[in-house]
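K.L.:
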Amino acid sequence: MKTVKLSCAHALFKYLIAQKIIIDGEKAPLFPGAFGIYGHGNVACLGQAMEEFKDELPGYRGHHEQNMALTGIGYSRAMRRKQIFIATSSVGPGATNMVTAAAVALSNRLPILFLPGDTFASRFPDPVLQQVENFNSPTTTQNDAFKSVSKYFDRITRPEQILSSLPQAIQVMLDPAECGPATISMSQDVQGEAYDYPEVFFEEKVHEIRRIHPDPRQVESVAREIMQSKQPIIISGGGVLYSEAEDELSDFAKKHNIPVTSTVMGIGCMDKDDPYYISAIGCLGDGSSNSLSKDTDLALAIGTKLSDFTTGSWTNFQNDNFRLASINTSRFDSNKHRASPMISDAKIGLQELSKVLGDWKAPEQWYVRALKEKKEWETYIEKQSGPTNQEIPSYAHAVGAVYRKADKSDIVVTAAGGLVGETVQIWKPKQRNTFETEWGFSCMGYEISGALGIKMAKPNQDVIVFVGDGSYLLHNSDIYSSVIYNKKLIIVVCDNGGHMVINRLQLAKGGKEYLCNLRAANASQLQFVDFEAHAKSMGANAETVKSITDLEAAFERAKKSDKTYVISIETHGYEWLDGTAYWESPTLEIGNSEANKKALQEHMDGKKIQRKGV
Numbered sequence: 017m018k019t020v021k022l023s024c025a026h027a028l029f030k031y032l033i034a035q036k037i038i039i040d041g042e043k044a045p046l047f048p049g050a051f052g053i054y055g056h057g058n059v060a061c062l063g064q065a066m067e068e069f070k071d072e073l074p075g076y077r078g079h080h081e082q083n084m085a086l087t088g089i090g091y092s093r094a095m096r097r098k099q100i101f102i103a104t105s106s107v108g109p110g111a112t113n114m115v116t117a118a119a120v121a122l123s124n125r126l127p128i129l130f131l132p133g134d135t136f137a138s139r140f141p142d143p144v145l146q147q148v149e150n151f152n153s154p155t156t157t158q159n160d161a162f163k164s165v166s167k168y169f170d171r172i173t174r175p176e177q178i179l180s181s182l183p184q185a186i187q188v189m190l191d192p193a194e195c196g197p198a199t200i201s202m203s204q205d206v207q208g209e210a211y212d213y214p215e216v217f218f219e220e221k222v223h224e225i226r227r228i229h230p231d232p233r234q235v236e237s238v239a240r241e242i243m244q245s246k247q248p249i250i251i252s253g254g255g256v257l258y259s260e261a262e263d264e265l266s267d268f269a270k271k272h273n274i275p276v277t278s279t280v281m282g283i284g285c286m287d288k289d290d291p292y293y294i295s296a297i298g299c300l301g302d303g304s305s306n307s308l309s310k311d312t313d314l315a316l317a318i319g320t321k322l323s324d325f326t327t328g329s330w331t332n333f334q335n336d337n338f339r340l341a342s343i344n345t346s347r348f349d350s351n352k353h354r355a356s357p358m359i360s361d362a363k364i365g366l367q368e369l370s371k372v373l374g375d376w377k378a379p380e381q382w383y384v385r386a387l388k389e390k391k392e393w394e395t396y397i398e399k400q401s402g403p404t405n406q407e408i409p410s411y412a413h414a415v416g417a418v419y420r421k422a423d424k425s426d427i428v429v430t431a432a433g434g435l436v437g438e439t440v441q442i443w444k445p446k447q448r449n450t451f452e453t454e455w456g457f458s459c460m461g462y463e464i465s466g467a468l469g470i471k472m473a474k475p476n477q478d479v480i481v482f483v484g485d486g487s488y489l490l491h492n493s494d495i496y497s498s499v500i501y502n503k504k505l506i507i508v509v510c511d512n513g514g515h516m517v518i519n520r521l522q523l524a525k526g527g528k529e530y531l532c533n534l535r536a537a538n539a540s541q542l543q544f545v546d547f548e549a550h551a552k553s554m555g556a557n558a559e560t561v562k563s564i565t566d567l568e569a570a571f572e573r574a575k576k577s578d579k580t581y582v583i584s585i586e587t588h589g590y591e592w593l594d595g596t597a598y599w600e601s602p603t604l605e606i607g608n609s610e611a612n613k614k615a616l617q618e619h620m621d622g623k624k625i626q627r628k629g630v
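Going from the sequence shown to our numbering is simple: count from 1 and add 16.
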């Protein structure tokens, strides 16, 4: 067998570059780029290898380890998990900064390859700078923190270990059932060690994401459940998008006359004009979908993990005859809450299920009711988000203004806080695949960083970011990244003076305003941030507006801008769209006020209608 002597770092990147994938019939790199922030744990070896391979694997300078990884995650989501970004950091705080991003990827079932530096395998320079010593286990390093938030983890302590580790990591990241982040922890000294690698290891390999076909018996079982129903709904999740099953979903709903709701991650699988798309469901969803869910006797969940926010903490399904059926690539997700499972790719699963259902249709009166509910709620939303002369506009007013002016191809991004709920209800996609919110981990700071990755994946579409002042202050350095890498974003900063949606929850649970609201933050020299000046300092165009009319005009200027444009607007901290689903959150059983007692009563009322796991 022919071999070639390479350092471990060079061999690693040479292998990754050789991995390809088919996208739209064309061969493309599986790893289109790498983000790096260098320190002593990765600059000398991994860093040099990256520089030498830069023509084949583009490198990008990060400004915060968490942020750069979030950008890679956003890219992967926009590419529907067909391409995987790399994120490398030094040993120590750089590595631990990426742990949060790994949790985002794990929660959202998205692939990214982490290459953190690690302590010396030799243990001779011990403790090395930035090393956290474990007094009971010298094998434990800070990178062990990745284990709980990685689908695959390995620590490389010999150069030949990558021969088995890298292929396994890639298979996990491309597996639709197991998809998530992989972490290859690279001991600093081993990165530079040489080994005679087999030349065949570096031969080009073309990957294709497998489609899981269902067991015919499971198809028959789910079909029986559906045909016994009289008021079925579909809950479409992110798996519909990753499977590229949008056409199949639309055709299935039409053929069988079933209204479609979506999870937050599933928004965009149908456009607003599809006659069978009703709205999002759950705690952030519309009253229309949540009204249907209360009476439905069967929910067909497709490509969703059925998170707490989707199910209204399992209070949304109140029909005594309710049954759940699930199409999912993951055994874990498909079996939740005694569902009739169908372990399958969404596209293939819907095709096979439709064949068995034949000409069966749900009753027309159920579909008529769904359309009526949809129209009524849309009327409410249009009123709440429409033009206004209100002195301090609400989140809804701000989102509505931008929505009215946005092109149908514009992609909207948000992630945490109150903006998600308002955006979910107002921003009905004008075309498919234009809604890219992170709501698996609800990570503050994802908004701008994730949007940068989405822009990198979709350079010909405008990417609009809604971010609150709290998330902006947490992570904003990718405004600078977007400028220097010429990846224009339109960023709308809704400044309501603090973490006001959590302030809302604080008040709703009977507490008093404390720390969430900036005005209640015990700050003796309180002042508010000039977001316009801050954004300009990083090279972006920026302006501050006072009214919705001014916001609309500013957005039009932003559309014409040749670089990232930030618009800051003061928004109301206490005005929100109606919530139409219960959400179980901690509540004091022994309260100190009448407000506490009221909150406890509301909590217990919700618990009474909660489905107990079945």
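Where a beta carbon is used, it is the ideal one built from N, C-alpha and C, also for glycine.
Between the region 407-420 and the region 360-376, are three or more C-beta pairs nearer than 8 Å?
P.N.:
Contact between the region 407-420 and the region 360-376 is absent, because fewer than three Cβ pairs lie under 8 Å.
K.L.:
Classify Q158 as buried or exposed, calling it buried when 16 or more other Cβ atoms lie within 10 Å of its own Cβ.
P.N.:
Buried, since its Cβ has 16 or more Cβ neighbours within 10 Å.
K.L.:
First and last residue of the beta strand (DSSP E) that includes A210?
P.N.:
Per DSSP, A210 belongs to the beta strand (DSSP E) from 210-214.
K.L.:
Between G469, D478, P275, M472, which has its C-alpha nearest V418's C-alpha?
P.N.:
Of the candidates G469, D478, P275, M472, the one whose C-alpha sits nearest the C-alpha of V418 is D478.
K.L.:
Can you give me the Cβ contacts of A137 inside the same chain, cut-off strictly under 7 Å, excluding the 5 residues immediately before and after it?
P.N.:
Cβ neighbours of A137 beyond the five flanking positions: T173, S203, D205, V206.
K.L.:
Straight-line CA distance for T450 to G622?
P.N.:
The alpha-carbon atoms of T450 and G622 are separated by roughly 34 Å.
K.L.:
Counting along the chain, where does the beta strand (DSSP E) carrying F482 start and finish?
P.N.:
Element bounds for F482: 479-484.
K.L.:
Can you tell which of D426, V107, H56, C24 has the C-alpha that lies nearest to the C-alpha of G208?
P.N.:
Looking at the Cα atoms, C24 is the closest of the given residues.
K.L.:
Could you check where the beta strand (DSSP E) with Y598 kicks off and where it finishes?
P.N.:
First-last for Y598: undefined, no H or E at that position.
K.L.:
The ligand COA and I53: does the residue's C-beta get closer than 8 Å to at least one heavy atom of that ligand?
P.N.:
The ligand COA is not part of the structure shown, which contains no ligands of any sort.
K.L.:
Which of helix, strand or coil does DSSP assign to M460?
P.N.:
Residue state, collapsed to three classes: coil.
K.L.:
Can you tell me where the beta strand (DSSP E) holding I102 begins and where it ends?
P.N.:
Per DSSP, I102 belongs to the beta strand (DSSP E) from 102-105.
K.L.:
Could you tell me whether the region 142-158 touches the region 66-78, using the rule of 3 or more Cβ pairs below 8 Å?
P.N.:
Output reads no: the region 66-78 does not touch the region 142-158.
K.L.:
My output table needs one value for Q207: the three-state DSSP class, helix, strand or coil.
P.N.:
Note: Q207 maps to helix in three-state DSSP.
K.L.:
Quick one: is M17 buried, meaning 16 or more other Cβ sit within 10 Å of its Cβ, or exposed?
P.N.:
So M17 ends up on the exposed side.
K.L.:
Use the C-beta contact count for A65: other C-beta atoms within 10 angstroms, 16 or more gives buried, fewer gives exposed.
P.N.:
Classification of A65: buried, given that the 10 Å Cβ count is 16 or more.
K.L.:
Mind listing, in chain order, the continuous alpha helix (DSSP H) runs of no fewer than 4 residues lying wholly within the region 296-323?
P.N.:
DSSP runs (the alpha helix (DSSP H)) wholly in the region 296-323: 303-311.
K.L.:
Within a Cβ cutoff of 7 Å, which residues of the same chain sit near K503, ignoring the five residues on either side of it in sequence?
P.N.:
Once the five neighbours on either side are set aside, the close Cβ partners of K503 are L468, K471, M472.
K.L.:
Cα-Cα, which of L122, F162, I200 is closest to Q177?
P.N.:
Among L122, F162, I200, the Cα nearest to that of Q177 is on I200.
K.L.:
Three or more beta-carbon pairs under 8 Å between the region 525-538 and the region 548-556, yes or no?
P.N.:
The region 525-538, when compared against the region 548-556, does not touch it at the 8 Å Cβ threshold.
K.L.:
At which residues does the alpha helix (DSSP H) containing F348 begin and terminate?
P.N.:
Per DSSP, F348 belongs to the alpha helix (DSSP H) from 347-350.
K.L.:
Count the other CB atoms, across all protein chains shown, that sit within 10 Å of the CB of G416; report buried if there are 16 or more and exposed otherwise.
P.N.:
Answer is buried; the Cβ neighbour count reaches 16.
K.L.:
Taking only the alpha-carbon atoms, compute the straight-line gap between R139 and E149 and give it to the nearest angstrom.
P.N.:
Each residue's Cα considered, the two are about 12 Å apart.
K.L.:
Strictly by DSSP, which residues pair up with D511?
P.N.:
E586, per the DSSP bridge assignment.
K.L.:
Measure the Cβ-Cβ separation of I53 and S105 and say whether it is below 9 Å.
P.N.:
Yes; because the gap between Cβ atoms is below 9 Å, this pair is in contact.
K.L.:
Determine whether the beta carbon atoms of S584 and D511 lie at a separation below 9 Å.
P.N.:
Yes, Cβ-Cβ distance for S584 and D511 is below 9 Å.
K.L.:
Assign V222 to buried or exposed, taking buried as 16 or more other Cβ atoms, counted over all protein chains shown, within 10 Å of its Cβ.
P.N.:
V222 should be labelled exposed.
K.L.:
Can you grab the Cα-Cα spacing for the pair K388 / R77, in whole Å?
P.N.:
When rounded, the distance between both Cα atoms is 51 Å.
K.L.:
If I'm right that I186 touches I128 with Cβ under 8 Å, what's the distance once you round it to whole angstroms?
P.N.:
That pair is no contact at about 12 Å.
K.L.:
Quick check on M460: buried or exposed, where buried means 16 or more other Cβ atoms within 10 Å of its Cβ?
P.N.:
That one is buried.
K.L.:
With a threshold of 8 Å, are at least 3 pairs of Cβ atoms found where one atom belongs to the region 97-111 and the other to the region 480-488?
P.N.:
The region 97-111, when compared against the region 480-488, does not touch it at the 8 Å Cβ threshold.
K.L.:
Which two residues bound the contiguous alpha helix (DSSP H) that contains S609?
P.N.:
It is not in any alpha helix (DSSP H) - S609 carries neither H nor E in the DSSP assignment.
K.L.:
Please list the terminal residues of the continuous beta strand (DSSP E) segment that includes V115.
P.N.:
It is not in any beta strand (DSSP E) - V115 instead sits in the alpha helix (DSSP H) that spans 109-123.
K.L.:
At which residues does the alpha helix (DSSP H) containing A341 begin and terminate?
P.N.:
Careful: A341 lies outside any alpha helix (DSSP H), inside the beta strand (DSSP E) at 339-344.
K.L.:
Does the pairing of the region 279-299 with the region 340-356 give three or more beta-carbon distances under 8 Å?
P.N.:
Touching, no.
K.L.:
Using 10 angstroms around the beta-carbon of N152, count the other beta-carbons present and answer buried if the total reaches 16, otherwise exposed.
P.N.:
Classification of N152: exposed, given that the 10 Å Cβ count is below 16.
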